[in-house]
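K.L.:
Number of protein chains: 4
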Amino acid sequence: MNMFTRTTFASAVIALCLFAHPALAQGQSALARVPPDLLEDIVIGSRILADFGVVDGFGHVSARNPSNPKHFLMSRSLAPALVTAEDIMEFDEDGNAIDANGRSVFLERFIHAEIYKARPDVMSVVHTHSPGVIPFTVSKTQLRPLFHNAGFLAAGAPVWDIAKQFGPTDMLVRDNSIGKSLARTLGDKSVVLMRGHGDATVGPSVKIAVFRAYYTDVNAKLQTQAIGLGTEVTYLSAEEGKNADTVNFAVIDRIWNLWKQRVQATMK
Amino acid sequence: MNMFTRTTFASAVIALCLFAHPALAQGQSALARVPPDLLEDIVIGSRILADFGVVDGFGHVSARNPSNPKHFLMSRSLAPALVTAEDIMEFDEDGNAIDANGRSVFLERFIHAEIYKARPDVMSVVHTHSPGVIPFTVSKTQLRPLFHNAGFLAAGAPVWDIAKQFGPTDMLVRDNSIGKSLARTLGDKSVVLMRGHGDATVGPSVKIAVFRAYYTDVNAKLQTQAIGLGTEVTYLSAEEGKNADTVNFAVIDRIWNLWKQRVQATMK
Amino acid sequence: MNMFTRTTFASAVIALCLFAHPALAQGQSALARVPPDLLEDIVIGSRILADFGVVDGFGHVSARNPSNPKHFLMSRSLAPALVTAEDIMEFDEDGNAIDANGRSVFLERFIHAEIYKARPDVMSVVHTHSPGVIPFTVSKTQLRPLFHNAGFLAAGAPVWDIAKQFGPTDMLVRDNSIGKSLARTLGDKSVVLMRGHGDATVGPSVKIAVFRAYYTDVNAKLQTQAIGLGTEVTYLSAEEGKNADTVNFAVIDRIWNLWKQRVQATMK
Amino acid sequence: MNMFTRTTFASAVIALCLFAHPALAQGQSALARVPPDLLEDIVIGSRILADFGVVDGFGHVSARNPSNPKHFLMSRSLAPALVTAEDIMEFDEDGNAIDANGRSVFLERFIHAEIYKARPDVMSVVHTHSPGVIPFTVSKTQLRPLFHNAGFLAAGAPVWDIAKQFGPTDMLVRDNSIGKSLARTLGDKSVVLMRGHGDATVGPSVKIAVFRAYYTDVNAKLQTQAIGLGTEVTYLSAEEGKNADTVNFAVIDRIWNLWKQRVQATMK
Chain H
1 MNMFTRTTFA SAVIALCLFA HPALAQGQSA LARVPPDLLE DIVIGSRILA DFGVVDGFGH
61 VSARNPSNPK HFLMSRSLAP ALVTAEDIME FDEDGNAIDA NGRSVFLERF IHAEIYKARP
121 DVMSVVHTHS PGVIPFTVSK TQLRPLFHNA GFLAAGAPVW DIAKQFGPTD MLVRDNSIGK
181 SLARTLGDKS VVLMRGHGDA TVGPSVKIAV FRAYYTDVNA KLQTQAIGLG TEVTYLSAEE
241 GKNADTVNFA VIDRIWNLWK QRVQATMK
Chain L
1001 MNMFTRTTFA SAVIALCLFA HPALAQGQSA LARVPPDLLE DIVIGSRILA DFGVVDGFGH
1061 VSARNPSNPK HFLMSRSLAP ALVTAEDIME FDEDGNAIDA NGRSVFLERF IHAEIYKARP
1121 DVMSVVHTHS PGVIPFTVSK TQLRPLFHNA GFLAAGAPVW DIAKQFGPTD MLVRDNSIGK
1181 SLARTLGDKS VVLMRGHGDA TVGPSVKIAV FRAYYTDVNA KLQTQAIGLG TEVTYLSAEE
1241 GKNADTVNFA VIDRIWNLWK QRVQATMK
Chain Y
2001 MNMFTRTTFA SAVIALCLFA HPALAQGQSA LARVPPDLLE DIVIGSRILA DFGVVDGFGH
2061 VSARNPSNPK HFLMSRSLAP ALVTAEDIME FDEDGNAIDA NGRSVFLERF IHAEIYKARP
2121 DVMSVVHTHS PGVIPFTVSK TQLRPLFHNA GFLAAGAPVW DIAKQFGPTD MLVRDNSIGK
2181 SLARTLGDKS VVLMRGHGDA TVGPSVKIAV FRAYYTDVNA KLQTQAIGLG TEVTYLSAEE
2241 GKNADTVNFA VIDRIWNLWK QRVQATMK
Chain F
3001 MNMFTRTTFA SAVIALCLFA HPALAQGQSA LARVPPDLLE DIVIGSRILA DFGVVDGFGH
3061 VSARNPSNPK HFLMSRSLAP ALVTAEDIME FDEDGNAIDA NGRSVFLERF IHAEIYKARP
3121 DVMSVVHTHS PGVIPFTVSK TQLRPLFHNA GFLAAGAPVW DIAKQFGPTD MLVRDNSIGK
3181 SLARTLGDKS VVLMRGHGDA TVGPSVKIAV FRAYYTDVNA KLQTQAIGLG TEVTYLSAEE
3241 GKNADTVNFA VIDRIWNLWK QRVQATMK
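Below is the structure:
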């Protein structure tokens, strides 16, 4: 059995584990037309970000529903490290659960709902409390791309401060108006930092949105180290960043397959 | 077997392992009326803090005894990573062991005894040598909340210096008078830093006290990074901190269940 | 079975696993005359660097082909943590794959091709996005040897900026002319830093090139810490560095055997 | 089977594994009178320091031979993570191997030989390339005790610079005269830092010397963080440090038992 066969076989086994469950067909009939690969991507993405510490008990990965582009798919309220395909639910454009069946949902689903509404190009949204990034959400120092894998940061990574529009809150994106404000600050960028909270990254696929969540965290840590060296830091230019980000799309499967194998090893 | 069933089943197995031991009924008859869930919380809390490196070989998690609120429950002298339900003993309001049966006890049990005495609202106390926090115990830089999960720090995290009242010591809370001094500095706060030593966190439940011990450490590390960026840092306001802490109570089970599964996986 | 026997036995088992596969003899007939130990070194080197986080999903380890010194050996396009002996392919002096058989290749194979061309003494090349090193690639602060294991840095660790000759790019070494430019900056040194990207290390064997990739990362992290202490830092002198590097050759097997055992444990 | 029984049973199994090997009785007859517990302490100490990253492929733990106090016990040349009781050899007061039987020995055994000669109170010596400590060996910033577990640093942690007496070398303690120079700088302290190299810690038992190696590393990292906060740092006073170190002796078994269980889990 060569490398490819092995990988394919393992994927099949996982797919079986994730989707053969009777509860799935019953409780999630709304998801019947969702490609299993997409559910798997949400599971892999949630778990790999947990494995890397980019999310801890909190944070979420969602995807736009390809059969109904106004709706999106996201886990019920659950730590990302524990998400399985059967935990994924469907939400409408305002973040209301379809077929909740008593399952509890994430308070901050409005991050996702409002970004999908504002950005038709976005197919996936990731929200994290990334430990590398949080310091940049409360600092006057701007997060900027230090290396090619984080080239997408060259377009800008604006900081959204909930207090500006909403005064003293509990910091959470707990309704549509707050989500709308966040989506407005995100604009046409790939990443928005949330003051005293974390970040949201977006992309044209789950893989790319997760990749950006991961490398935003890595870049933030590298930038913190570089600043600590005490001398001038050279960042990627806007053009370099844009070019480098194009490459990410070409190589995403190499790192995604690695991540999938890591996650699958822990799911056995 | 769905997610819920599996979790419940695993819990039952763990519960069985933790409580079926004959020594338990004999040696710990004083604990007969303590809810098994509470003993389990102490075990899970001790082990998850060890797993995260918030405690190493030292540190302890205790709970007020619900059947006898003047008393509290804490492990015999043992590294937190090794604590099982059968290691938990009962202590009176001055920190004297009930039914020691030759088991050795923590020297610093007075941290717990005196805080329970001074703070009737406190149901659990955690003491750690948290690696993120220790630098703040010896610095003029104040530990302040950087993000919502550490909102409880907005009320203040005073530093207690044992030398102020007791001169040169071995730094330990080795009697009731030292414990009383520490409890006085804690006041009505959730966290007290101990100069050259570590911290103590408190809460209305084991889960919340452990959550605070964990996020105090996380916040300290994030604040150290943020200061390293060399520009002004914005902390949560008092009101934001208070509001954010309220949310922690609502979401505690999401992260606690994750932690329980992690701990249970290592106990198999 | 004593230590030595056990190690030898384990090596034999691994060798069997790595080389007994039928696909190997067929698809890689060009590699028939390559010593199995050399293929194993590439596998061990790739995986240990992944295990230490010196490479993530990207990066590669190559070796000059001893049977045909103008050619070199490198994995097909694959995350380093997943490389097996059967993934290793042969490339000519310009980086063209021999017997590709439909397998995809690394875009940046020109790093390797041009260094082998320019440096007849080099038998192995490693390319990483080392998290300790990247900050030094974008800083005016020079990477210098702090301790004996990184003595090879005393000869210099020049920073190559792709923009100098090629203007705004995607930062990658995607053709021979870019590779040639990089090799020119490397000169007769053991390490070259690549601005906004990573580094390349070389050596007279896979073991030494991997050792240098690892200790370049370690030294970079230690230097970042040392600079953070805020006082003057003393580096190894040129002579100390040169002497210390000689010792590395004498002790390489002690650490390599440890790394091999770690990698083998994860391959079971 | 309760906690205690289980521990004892596990220890017995380990002891059996470590000592039942026929090669032991033959090749190491000189060690026949060495208490098995002492060999086990060297094994546990070597492996736990590797587990914590205080040593990597290099570093060593030794003990004075209780049956022949001029001699000492240390592993053959081997990565600390791999040391077993059967690898331990006896050395005379000048660092010559007794009964080498073709086994290779550590180049730097003179660190140990000369410290045992100069310090009759020392029963164990540990040499590491501790990643927290190396920055302090090349900095003008003095390593000082930040918290009680590192109280032993209050007596001083002098930095030894090999270049002062020996000019440009390969940085290694490769003969008796260099070892003597190092021992002289250690003086009556518990720790000596070695410029551009690492440190050596000593104690009246293997457990204490290993404890000091570990907490020297922890303290160094905490001090680096504390300095990074940018305000004045308060260190333990000489008297506090001395008092606190006394407590370490009382609680050493609590943490040692934890470490033993961790090591034993990896040896199964």
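In the order they appear, the protein sequences are chains H, L, Y and F. Quick note: the first sequence uses the working numbering, first residue 1, plus one each step. Quick note: the second sequence uses the working numbering, first residue 1001, plus one each step. Quick note: the third sequence uses the working numbering, first residue 2001, plus one each step. Quick note: the fourth sequence uses the working numbering, first residue 3001, plus one each step. Ideal Cβ placement from N, Cα and C applies to all residues, glycine included. These numbers were taken from a predicted model, which means no experiment stands behind them.
(1) Taking the alpha-carbon positions, what's the F3058/F to S3046/F distance?
(2) At what residues does the alpha helix (DSSP H) containing H112/H begin and finish?
(3) Using a Cβ cut-off of 8 Å, which residues of the stretch 1033-1064 of chain L contact any Cβ in chain F, in chain order?
(4) Quick check: the stretch 78-91 of chain H against the stretch 163-175 of chain H, are there 3 or more CB pairs under 8 Å?
(5) With a cut-off of 8 Å on the beta carbons, I'd call I48/H and V263/H a contact; round off their distance for me.
(6) I'd like the list of long-range same chain contacts for G2196/Y, defined as Cβ closer than 7 Å, with 5 residues on each side in sequence excluded.
(7) Residues of chain F with a CB under 9 Å from the CB of S1301/L: which are they?
(8) When burial is assigned at 16 or more other CB atoms within 10 Å of the CB, is G1187/L buried or exposed?
(9) At a cut of 8 Å, does the stretch 252-262 of chain H reach the stretch 2148-2164 of chain Y through at least three beta carbon pairs?
(10) Compute the Euclidean distance between the alpha carbons of K1189/L and V1122/L, then round it to the nearest angstrom.
(11) Applying the criterion that 16 or more other CB atoms from any shown protein chain within 10 Å of the CB defines a buried residue, is R1109/L buried or exposed?
(12) According to DSSP, simplified to helix, strand and coil, what is A3032/F?
(13) Output needed in chain order: residues of the stretch 1156-1181 of chain L with a Cβ under 7 Å from some Cβ in chain F.
(14) Can you list, in chain order, the residues of its chain whose CB lies under 7 Å from that of I252/H, leaving out five sequence neighbours each side?
(15) Could you name the residues of the same chain whose beta carbon sits closer than 7 Å to that of T3201/F, not counting the 5 residues immediately before and after it, in chain order?
(16) Is the Cβ of H3197/F closer than 7 Å to any Cβ of chain Y?
(17) Mind checking if Q2225/Y is an interface residue toward chain F, Cβ cutoff 7 Å exclusive?
(18) So with CB distances below 8 Å, who are the chain L contacts of T141/H?
(19) Terminal residues of the continuous alpha helix (DSSP H) containing T1234/L?
(20) Can you name the residues of chain Y whose CB is closer than 8 Å to the CB of L3222/F?
(21) So T3246/F is in the beta strand (DSSP E); what residue range does that whole segment cover?
(22) Check the C-beta distance from T1128/L over to V1054/L and give it rounded, since I have them as a contact under 8 Å.
(23) Output yes if chain Y places a C-beta closer than 7 Å to the C-beta of S237/H; else output no.
(24) Quick one: is the Cβ of S3104/F within less than 6 Å of any heavy atom of the ligand MG?
(25) Is there a C-beta anywhere in chain L that falls below 7 Å from the one on N3068/F?
(26) Using 8 Å for Cβ pairs, my map puts Y1235/L next to P1145/L. What's the rounded Cβ distance?
(27) Please go through the same chain and pick out, in chain order, the residues whose beta-carbon is closer than 6 Å to the beta-carbon of R2103/Y, but skip the five residues on each side of it.
(28) In whole angstroms, give me the CA-to-CA distance for T3246/F and E2040/Y.
(29) Output yes if chain L places a C-beta closer than 7 Å to the C-beta of H3148/F; else output no.
(30) Could you list which residues in chain F have their beta carbon closer than 8 Å to that of H1129/L, in chain order?
(31) In whole angstroms, give me the CA-to-CA distance for V61/H and F52/H.
(32) If A154/H sits next to A238/H, beta carbons under 8 Å apart, how far is it from one beta carbon to the other, in whole angstroms?
(33) Within its chain, find whatever has a CB closer than 6 Å to the CB of A1050/L; leave out the 5 residues flanking it on each side and keep chain order.
(34) Identify whether R1064/L lies in helix, strand or coil by the three-state DSSP scheme.
(35) Spell out whether any CB of chain Y is found under 7 Å from the CB atom of N243/H.
(36) Tell me whether F2019/Y sits in a helix, a strand or coil according to DSSP, three-state version.
P.N.:
Taking the structure as given:
(1) 10 Å
(2) Counting along the chain, the unbroken alpha helix (DSSP H) around H112/H starts and ends at R109 to A118.
(3) D1056, G1057 and F1058
(4) Output reads no: the stretch 163-175 of chain H does not touch the stretch 78-91 of chain H.
(5) 6 Å
(6) T2137, V2138 and M2171, listed in sequence order.
(7) Nothing can be reported for residue 1301/L: it is not among the residues displayed for chain L, which extend from 1001 to 1268.
(8) exposed
(9) At 8 Å Cβ cutoff, the stretches do not touch.
(10) 11 Å
(11) buried
(12) coil
(13) Those residues of the stretch 1156-1181 of chain L that come within reach of chain F (Cβ to Cβ, closer than 7 Å) are P1168, T1169, D1170, M1171 and L1172.
(14) K207, I208 and F211
(15) Contacts found: V3126, S3190, V3191, A3209, R3212, A3213 and T3216.
(16) yes
(17) Using a CB distance cut-off of 7 Å, Q2225/Y counts as an interface residue toward chain F.
(18) L1229, G1230 and T1231
(19) That residue, T1234/L, is in no alpha helix (DSSP H); it is neither H nor E in DSSP.
(20) None at all; the shortest Cβ gap to chain Y is about 12 Å.
(21) Counting along the chain, T3246/F falls outside any beta strand (DSSP E), though it belongs to the alpha helix (DSSP H) covering A3238 to M3267.
(22) In this structure T1128/L touches V1054/L by the C-beta definition: roughly 5 Å separates them, less than 8 Å.
(23) yes
(24) This structure simply doesn't include the ligand MG, nor any ligand for that matter.
(25) no
(26) 6 Å
(27) R2076
(28) For the pair T3246/F and E2040/Y, the Cα-to-Cα distance works out to about 51 Å.
(29) yes
(30) F3147 and N3149
(31) 15 Å
(32) 5 Å
(33) P1080 and A1081, listed in sequence order.
(34) strand
(35) yes
(36) Below a pLDDT of 50, predicted positions are generally treated as unreliable, and F2019/Y, at 39, falls in that range; no measurement from the model is reported.
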